[in-house]
Amino acid sequence: MDIARGLVAIGAGIAVLTGTMTGIGQGYAAGKAVEAVGRNPEAESKIRSMLILGAAIAETAAIYGLLISFLLLFVFQ
Amino acid sequence: MNQILEWLFATPLQVEIISIWIVTGLIIGLVFMVHRAVKNADVMAKPTGLVLIGVLIVQTFSNITKDNMGANHYKNYAPYVGALALYLFISNISGLFGLAQPTANYSVTLTLALITFFLIQRAVYRTNGFVKFFTRFFDPHPAFFVMNFFGTIAPLVSMSLRLFGNITGGTIIMMLFYSFSGYIASFVPVIGQFDFIGPLIAPFLHAYFDLFVGFIQMFVFISLTTVFVGNELPSEPETN
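First to last, the protein sequences are chains H and F. Note that the first sequence covers residues 0 to 76 in numbering that gives the first Met the number 0. Note that the second sequence covers residues 0 to 239 in numbering that gives the first Met the number 0.
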């Protein structure tokens with residue numbers, strides 16, 4: 000039983016690792032947004048809303064991982 | 000109270016139902032207040048107070064809808080988008096006022112995503128007609144059926160799970176933080192029974208997880224709704 004609990008915790012940790020790739024993607028998007036504002040400063044508000052939208056969509060994968068880890072932690076106890 | 004409610008609904012009561020009622024009642028009260036203020040307002044005068052708030056809200060959501068859907072169709076969808084935005088935002092920040100967020104219940108987010116899903120299907124049906132509505136699954140080749148099918152139901156799953164996951168994640172992280180700060184505070188001898196570390200740090204976390212995430216997720220949900228529905232609408236002006 001103890002080993003099973005530990006394995007569930009390890010699984011939850013692995014599931015939440017999806018956040019690493021999401022971090023890379025969001026950082027890339029933010030860098031591109033900075034470039035776009037530098038090239039075209041008058042479009043800043045539009046770029047900002049697009050950046051927020053894109054970052055939130057990219058975050059979905061990390062949220063799925065987080066949900067799975069929560070499910071593992073709170074359902075299999 | 001709980002027994003009455005459980006008898007009324009013949010099901011174990013989920014605590015979010017009460018906060019759904021509170022949020023809905025709040026929005027209805029707000030709408031009636033703005034309605035009365037607008038009725039009594041002088042048309043030629045500058046809008047002030049509640050009238051100004053109402054005008055700003057309507058203008059903002061009309062413009063957001065217009066940007067994503069085009070000038071031909073936005074008037075049919077702007078009221079729904081505005082109501083959705085109000086409901087989602089008040090639901091998401093209701094955790095600050097001690098309510099259980101309605102959007103932390105998967106039934107609520109799935110319902111809202113289902114409405115968007117049916118709006119998308121309705122737009123496809125009205126644009127392409129009855130035959131194309133079904134044959135689009137086999138569009139380039141019948142072998143693409145599985146891909147097209149999952150592409151059709153993907154917005155339903157992703158939109159509902161995104162909202163639910165963000166709000167639930169914030170709630171659980173706050174819960175973990177409060178239990179952790181209570182554990183730390185319990186080492187202090189005299190006042191350790193009172194969790195005095197939590198109230199010092201929690202406001203910043205609440206500002207992020209409730210206000211910021213709540214607003215961003217509301218914005219993302221209405222943006223995706225308008226974009227998905229707007230993509231399926233015909234671009235030329237409607238003839239009827």
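Heads up, the beta-carbon is just placed ideally off N, CA and C, and yes, glycines get one too.
Length of the line joining the Cα atoms of residue i and residue j
{"i": "H/Glu43", "j": "H/Val36", "result": "6 Å"}
{"i": "F/Thr238", "j": "F/Ile114", "result": "Caution is warranted here: a pLDDT of 49 is assigned to F/Thr238, below 50, making its placement in the model unreliable, and the coordinate value is therefore given only provisionally. In a straight line, the C-alpha of F/Thr238 is about 26 Å away from that of F/Ile114."}
{"i": "F/Pro78", "j": "F/Leu12", "result": "31 Å"}
{"i": "H/Phe96", "j": "F/Pro101", "result": "With chain H running from 0 to 76 in the structure shown, residue 96 of chain H is simply not present."}
{"i": "F/Val80", "j": "F/Gly53", "result": "15 Å"}
{"i": "H/Gln25", "j": "F/Met146", "result": "27 Å"}
{"i": "F/Gly229", "j": "F/Phe148", "result": "20 Å"}
{"i": "F/Val30", "j": "F/Phe220", "result": "22 Å"}
{"i": "F/Leu85", "j": "H/Gly22", "result": "30 Å"}
{"i": "F/Lys38", "j": "F/Ala44", "result": "13 Å"}
{"i": "F/Phe60", "j": "H/Ser48", "result": "14 Å"}
{"i": "F/Val130", "j": "F/Ser234", "result": "20 Å"}
{"i": "H/Gly30", "j": "F/Ala206", "result": "25 Å"}
{"i": "F/Ser18", "j": "F/Leu98", "result": "6 Å"}
{"i": "F/Ser240", "j": "H/Tyr27", "result": "Chain F is shown from 0 up to 239; residue 240 of chain F falls before or after that span and cannot be answered."}
{"i": "F/Val42", "j": "F/Thr151", "result": "46 Å"}
{"i": "F/Ile119", "j": "H/Ile56", "result": "19 Å"}
Host alpha helix (DSSP H) of residue i (start-end)
{"i": "H/Gly24", "result": "Thr17 to Arg38"}
{"i": "F/Asn147", "result": "Phe144 to Ala184"}
{"i": "H/Ala3", "result": "Asp1 to Ala14"}
{"i": "F/Arg125", "result": "Tyr105 to Thr134"}
{"i": "F/Phe208", "result": "Here F/Phe208 belongs to no alpha helix (DSSP H), and DSSP marks it neither H nor E."}
{"i": "F/Gly69", "result": "F/Gly69 -> no alpha helix (DSSP H), and no H or E assigned at all."}
{"i": "F/Thr23", "result": "Glu15 to Asn39"}
{"i": "F/Lys74", "result": "Tyr73 to Ile92"}
{"i": "F/Ser222", "result": "Val212 to Glu231"}
{"i": "H/Lys45", "result": "Glu43 to Val74"}
Expected contact under 8 Å - CB spacing of residue i and residue j to nearest Å
{"i": "F/Ala122", "j": "F/Glu231", "result": "4 Å"}
{"i": "F/Ala36", "j": "F/Leu49", "result": "4 Å"}
{"i": "H/Leu50", "j": "H/Gly10", "result": "About 33 Å; that fails the 8 Å criterion."}
{"i": "F/Val107", "j": "F/Glu15", "result": "7 Å"}
{"i": "F/Ser222", "j": "H/Leu52", "result": "5 Å"}
Closer than 7 Å to chain C by CB, residue i
{"i": "H/Thr19", "result": "Chain labels in this structure do not include chain C; the protein chains are H and F."}
Sufficient close CB pairs (3 or more, under 8 Å) joining the region 129 to 140 of chain F to the region 70 to 90 of chain F: No, the region 129 to 140 of chain F is not in contact with the region 70 to 90 of chain F.
Using Cβ-Cβ distances below 7 Å, what residues of the region 135 to 166 of chain F are close to chain H? Within the region 135 to 166 of chain F, Ser157, Leu160, Arg161, Gly164 and Asn165 place their CB atoms closer than 7 Å to a CB of chain H, listed in sequence order.
Is it the case that the region 48 to 66 of chain H contacts the region 157 to 167 of chain F, given that we only count it when at least three CB pairs across the two stretches are under 8 Å? Yes, the region 157 to 167 of chain F touches the region 48 to 66 of chain H.
Cβ pair count under 8 Å reaching 3, the region 65 to 72 of chain F against the region 172 to 192 of chain F: No, because fewer than three Cβ pairs between the region 65 to 72 of chain F and the region 172 to 192 of chain F fall closer than 8 Å, the two stretches do not touch.
Using a Cβ-Cβ cut-off of less than 7 Å, list which residues of the region 169 to 198 of chain F approach chain H; keep chain order. Within the region 169 to 198 of chain F, the residues whose Cβ lies closer than 7 Å to some Cβ of chain H are Ile171, listed in chain order.
Listed from N- to C-terminal order along the chain, which residues in the region 215 to 227 of chain F have their beta-carbon within a distance smaller than 9 Å of any beta-carbon of chain H? Only those residues of the region 215 to 227 of chain F whose C-beta falls short of 9 Å from the nearest C-beta of chain H are listed: Ile215, Gln216, Phe218, Val219, Ser222, Leu223 and Val226.
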